[in-house]
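As structure tokens, the structure follows; a few thoughts come after it.
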Amino acid sequence: MQNLGIDVLFKGSNMMRLLGGLWVSLRISLIAVFFSVILGVPLGILMSRNSRIIRAITRLYLEIVRIMPQMVLLFIVFFGTTRVFGWNLDAEVASVIVFSFWGCAEMSDLVRGALISIPKHQYESAKALGMNSFAVFFFIILPQTIRRLLPLSINLVTRMIKTTSLVMMIGVVEVLKVGQQIIEANRTSSPNAAFGVYGTVFLLYFIGCWPISMLSKYLEKKWKND
Amino acid sequence: MSKKEEIIRVDHITKRYDENAVLDDFSLSVHEGEVVVIVGPSGCGKSTILRIMNGLEPIQKGEVTYRGEKVDGKLGSITRIREKVGMVFQSYELFPHKTILQNVMLAPLLVQKRDRKEVKEEALQLLARVGLSEKKNAYPRQLSGGQKQRVAIVRALAMHPEVLLFDEVTAALDPEMVREVLDVLLSLAKEGKTMVIVTHEMSFAKAVADRVIFLDGGHLEEEGTASEFFDHPKTERAKQFLHTFTYDKVEREEER
Ligand SMILES: Nc1ncnc2c1ncn2[C@@H]1O[C@H](COP(=O)(O)OP(=O)(O)OP(=O)(O)O)[C@@H](O)[C@H]1O
Ligand SMILES: [Mg+2]
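What follows is the structure in structure tokens.
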């Protein structure tokens, strides 16, 4: 055990601290996912209507989010706003803002893609049966959209959880940062701690993301031919 | 014809896409119990007529009425009219997330708010009629094209429509499935259902039609009973059109 460096986790409250760090990561991603869905779904619906102006603006937004590394966004929001606007933004709040900004873009694009992939004839057959627009949307279009959307958005959630490891760069003490602190603190007593601690962090990420990823695979298979 | 009540009236309509007039001053009336077949070359506006009759396309001039009531996709009354004017499309669009039985029952329950037990009983009867009882719990993707199209017909029938509009319902089917679908239409015609049928199947058209409308370039080119039109077409265009469905025997130049 000594040479794997796992022993440090059982010293004091180290394991609890690591789990606490994991919770910080999950909390940031879950709050960001919440905002991404709340804002991304209506935005996606808006984007599926073809208005030139909306399309131009959202295209620009999507491109910015795609081109810009998340880290740069984090730095801009956290350090940039402090300097320019004099805001004293909490690092975790800054992280939630950046991740929501990113998630909302991706989510809206997924919603738009799912909506426009529903054939026109689905709307027309439903209308031809006497359904009003409300019924057409809620009973015919929405269920099919959700089926197409869910596996993809679950994939987005796991990507967001993984990417939260970046927030330690602006001083948020999340799971990876806690891991580093534990390793630093035990540098002399357990020089192999890096392996054990990072290995555990890996496992924690795995435990966090794997069930979500499995759920998405399962849904994808279940709805494949719909 | 005049003794039967007029159900749908298409009154001097003009339909344009951008600047192109697809239909120009076109009129048609459909009477109770009548089977009207619309034929014509591809792109002449046949589908457009049916879609207009169901309020799915706006028109620029003229008026369409269903029992005297204006048919307009933007009016609130359109859903009530569509309940009575059933439509089946070429590309059998069943709802993929619902079973066959749910596809058939959805609109009667949701739109007409009918009793579930009664709707289910009727849906099962209709499915049995087209030979698809055992598919009731299957999903559309598990059915062949011909089976899906029969379900689409049943789904329209379950609403108790007064008129049925069929837009080339066999055009997307493999030849061996065409018959099973056309047989359903023939049996509906025998029952005296009012129907407007667009088709490229000329022998079927001849068998089912009370009246044939020949459309060319957005105009009504010729109109008549099935035997008038198919056996003694009056216009040159109709003769040419019908000729495209016959083939002359190839005369080989014998080598000697
Ligand atoms: N959404 C649209 N925008 C522009 N033009 C259209 C549109 N829909 C149809 N048209 C044009 O209107 C004309 C009539 O189309 P329609 O679908 O009614 O023809 P059709 O007689 O049903 O042909 P087919 O036998 O090939 O189904 C065609 O020339 C077509 O190109
Ligand atoms: Mg057509």
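Respectively, the protein sequence lines represent chains A and B.
If you want my numbering, it's the position in the first sequence, counting the first as 1, plus 1.
If you want my numbering, it's the position in the second sequence, counting the first as 1, plus 101.
We put the beta carbon where it would ideally sit given N, CA and C, even for glycine.
All figures in this text were calculated on a predicted structure; none of them were measured in a lab.
Check	Outcome
DSSP three-state assignment for Ile46 (chain A), whether helix, strand or coil	helix
Pair within 8 angstroms by beta-carbon distance, Tyr167 (chain B) and Ile108 (chain B)	yes
Reference Ser130 (chain B), options B:Met154, B:Gly146 and B:Ser148, closest by Cα	B:Met154
Which listed residue (B:Glu106, B:Glu277 and B:Gly293) has its alpha carbon closest to that of Val136 (chain B)	B:Gly293
Pick from B:Phe305, B:Asp284 and B:Asp173 that is closest to Val138 (chain B), judged by C-alpha positions	B:Phe305
Proximity of Val123 (chain B) and Gly146 (chain B) at Cβ, strictly below 8 angstroms	yes
Closer than 8 angstroms to chain B by CB, Ser190 (chain A)	no
Beta carbon of Met108 (chain A) nearer than 8 angstroms to that of Leu157 (chain A)	yes
Buried or exposed (CB count within 10 angstroms, at least 16 for buried), Met102 (chain B)	At Met102 (chain B) the pLDDT is 46, less than 50, meaning the model places this residue with poor confidence and gives no usable figure here.
Assumed close pair Phe46 (chain A), Leu143 (chain A) - CB separation to whole angstroms, cut-off 8 angstroms	Going by the sequence as given, residue 46 (chain A) is Ile instead of Phe. Their Cβ separation, rounded to whole angstroms, is 10 angstroms, which puts Ile46 (chain A) and Leu143 (chain A) out of contact at 8 angstroms.
Contacts that Met260 (chain B) makes with chain A (C-beta to C-beta distance below 8 angstroms)	Leu130 and Gly131
Contact check, Leu279 (chain B) vs Arg251 (chain B), beta carbons under 8 angstroms	Contrary to the premise, residue 279 (chain B) reads as Val rather than Leu in this sequence. No, these two residues do not count as a Cβ contact at 8 angstroms.
Ligand 3 heavy atom lying under 7 angstroms from the CB of Asp268 (chain B)	Of the ligands this structure carries, namely ligand 1 and ligand 2, none is ligand 3.
Chain A residues whose Cβ lies nearer than 7 angstroms to that of Ala208 (chain B)	Leu130, Gly131 and Met132
Gly22 (chain A) classed as buried or exposed, judged by whether at least 16 other C-beta atoms fall within 10 angstroms	buried
Beta-carbon gap between Leu289 (chain B) and Val255 (chain B) smaller than 8 angstroms	no
Three CB pairs or more closer than 8 angstroms across the region 167-177 of chain A and the region 31-47 of chain A	no
Cβ-based neighbour list, Asp311 (chain B), same chain, cut-off 6 angstroms, excluding 5 preceding and 5 following	Glu135 and Val136
contact_flag[the region 129-136 of chain A, the region 206-217 of chain B] where n(CB pairs < 8 angstroms) is 3 or more	yes
Glu175 (chain A) at chain B interface by Cβ criterion, 8 angstroms	no
Given Glu106 (chain B) as reference, the closest of B:Val309, B:His132 and B:Ser245 once Cα atoms are compared	B:His132
Any C-beta of chain B under 8 angstroms from that of Arg148 (chain A)	yes
Beta-carbon gap between Val168 (chain A) and Ile58 (chain A) smaller than 8 angstroms	no
For Glu125 (chain A): DSSP bridge partner residues	Answer is none; Glu125 (chain A) lacks a bridge partner.
Beta-carbon neighbours of Phe196 (chain B), restricted to chain A and to distances below 9 angstroms	Gln123, Ser126, Ala127, Phe140, Ile141, Pro144 and Gln145
Proximal chain A residues relative to Met188 (chain B), where beta-carbon distance stays under 7 angstroms	Ala129
CB contact check: Leu228 (chain B) to chain A, cutoff 8 angstroms	no
Chain A contacts made by the region 173-188 of chain B, where a contact means CB separation under 9 angstroms	Gly174, Gly177, Ile179, Thr180, Arg181, Ile182, Arg183, Glu184, Lys185, Val186, Gly187 and Met188
Rounded straight-line distance, which links the Cα of Ser101 (chain A) to that of Thr82 (chain A)	17 angstroms
Members of the region 121-154 of chain B near chain A, C-beta cut-off 9 angstroms	Arg152
7 angstroms CB neighbourhood of Met2 (chain A) in its chain, flanking five on each side removed	Residue confidence is low: Met2 (chain A) scores 47 on pLDDT, short of 50, so the model does not pin down where it sits. No coordinate-derived value is stated.
Simplified DSSP assignment, three categories, for Met188 (chain B)	strand
Test: Leu265 (chain B) CB closer than 8 angstroms to a CB of chain A	no
Sequence-distant residues of the same chain with beta carbon closer than 7 angstroms to Pro159 (chain B), five excluded per side	Gly174
Outcome for Ile208 (chain A) when other beta-carbon atoms lying within 10 angstroms are tallied against a minimum of 16	exposed
Gly325 (chain B), enclosing alpha helix (DSSP H) - first and last residue	Per DSSP, Gly325 (chain B) belongs to no alpha helix (DSSP H); it is in the beta strand (DSSP E), His320 to Gly325.
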